[in-house]
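In this text, residue positions in the sequence shown follow our numbering: the first is 4, and each later residue adds one.
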Amino acid sequence: GRQGTLYLAAEPIGGISHVVEWPSGPDEVGRIEAVRAHPPGLPPPLLSANVTAENETHSKIFTLQGRDTVQLTSGLSDDMGAVRSPDGRFILLARGWKAGASAYYQNLFLLDSSGTVVRRVTDNRHQETGPVWSPTGTRIAFSRDSAGTWSLWLADADGGHPENLSERFVLPDARALAAFAPDGERLAAVFPDTGNGAGALVEVNLEGGTVRSIQMVPQLFLGYPPLWSPDGRWLVCVTRRDEGWEVWAV
4 GRQGTLYLAA EPIGGISHVV EWPSGPDEVG RIEAVRAHPP GLPPPLLSAN VTAENETHSK
64 IFTLQGRDTV QLTSGLSDDM GAVRSPDGRF ILLARGWKAG ASAYYQNLFL LDSSGTVVRR
124 VTDNRHQETG PVWSPTGTRI AFSRDSAGTW SLWLADADGG HPENLSERFV LPDARALAAF
184 APDGERLAAV FPDTGNGAGA LVEVNLEGGT VRSIQMVPQL FLGYPPLWSP DGRWLVCVTR
244 RDEGWEVWAV
């Protein structure tokens, strides 16, 4: 049956979003087309842009409200990777700051919809990025850089019960961009650069304890997380072939 509509939101300010209409049958072809207006029924998009204050430039989070751009975060930190919770009440983001002359830390923080910090989700001397929510909003996944060693992590939404998925499933030692399946039991992860000139796409079964490597040609993935179809049967990812970009469904 029909799988519904999947929106590919443009990340940069001023970009164009696209909508993927899934085929309704095995003999039909899906289509992708640009949409100029924000799709109705979806929460306002979150964007990041550099802001200069007190002679320093830092990345800050903005939201779009109609034709207005509203800045949600401020201060001398770098805020990025902001994602709304499934119920739209909270925002999860990675916040980085200088810690002395040479150290730089980046942890996860939970904000309310106005940009006020509700709690610090992680508290360590690592650099964490790419947080994503599970469909129920009870768990999160993110990447962690610990002294140059990357790993993919799973935790409760408040940061409790953290688990190193890279260690458990023997995943590539590289930055991962993850996405939960609609059932919340599987996690897809794109590794744009595994250090050998190619990337990787894997599907982790969190409940079954198995991992599946998805082979693709080309395996030159761009820095975008994978997207699931509404029924959890398909994954969409963005790859590079020669000088062009391609959108694949696997």
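Note that the Cβ used here is the ideal one computed from N, Cα and C, for glycine as well.
Model, not experiment: these values are computed from the prediction.
Report the partner residues of residue i according to the DSSP bridge assignment.
i	result
ARG215	GLU206
PHE172	Answer is none; PHE172 lacks a bridge partner.
VAL193	LEU180, LEU204
ARG142	ASP159
HIS61	VAL54
GLY99	ASP81, GLN109
LEU238	TRP231
THR76	DSSP lists no partner for THR76.
LEU114	ILE94, VAL120
ARG244	GLY247
ARG87	ILE94
GLU166	LEU157
THR132	SER146
LEU225	For LEU225, which the question treats as bridged, DSSP gives no partner whatsoever.
ALA252	VAL239
THR152	SER149
Can the beta-carbon of residue i be found less than 9 Å from the beta-carbon of residue j?
i	j	result
ARG92	LEU49	no
TYR227	VAL241	yes
GLY103	THR76	no
GLU210	GLU188	yes
ALA179	ALA192	yes
LEU190	ALA181	yes
ASP148	GLU131	yes
ILE217	LEU230	no
ASP159	THR141	yes
VAL124	GLY78	no
Sorted by chain position, which residues of the same chain lie with C-beta nearer than 6 Å to residue i's C-beta, five sequence neighbours on each side aside?
i	result
ARG98	SER80, ASP82, PHE112
Excluding the 5 residues flanking residue i on each side, which residues of the same chain have their C-beta closer than 7 Å to its C-beta?
i	result
THR152	ASP176
VAL121	PHE93, LEU113, LEU114, ASP115
GLU14	Model confidence at GLU14 stands at a pLDDT of 45, short of 50, so the residue's coordinates are unreliable and nothing is read from them.
HIS164	ALA158
TRP265	Outside the shown range of the chain (4 to 253) lies residue 265, about which nothing can therefore be said.
Where does residue i land, buried or exposed, given buried means 16+ other C-beta within 10 angstroms?
i	result
TRP2	Residue 2 lies beyond the range of the chain shown here (4 to 253); nothing can be said about it.
LEU114	buried
ALA150	exposed
PRO265	As shown, the chain starts at 4 and ends at 253. That puts residue 265 outside it, with no answer to give.
ALA144	buried
PRO185	exposed
LEU45	exposed
VAL173	exposed
LYS63	buried
ARG244	exposed
GLN74	exposed
THR139	exposed
GLN109	buried
THR66	buried
ALA56	exposed
GLY69	exposed
ARG236	exposed
Apart from the five residues on each side of it in sequence, which residues of its chain come closer than 8 Å, Cβ to Cβ, to residue i?
i	result
ALA106	ARG128
ASN199	none
ASN53	THR60, HIS61, SER62, LYS63
Between residue i and chain C, is there a C-beta pair that is closer than 9 Å?
i	result
ASP196	The chain labelled as chain C is not found in the depicted structure, where only one protein chain is given.
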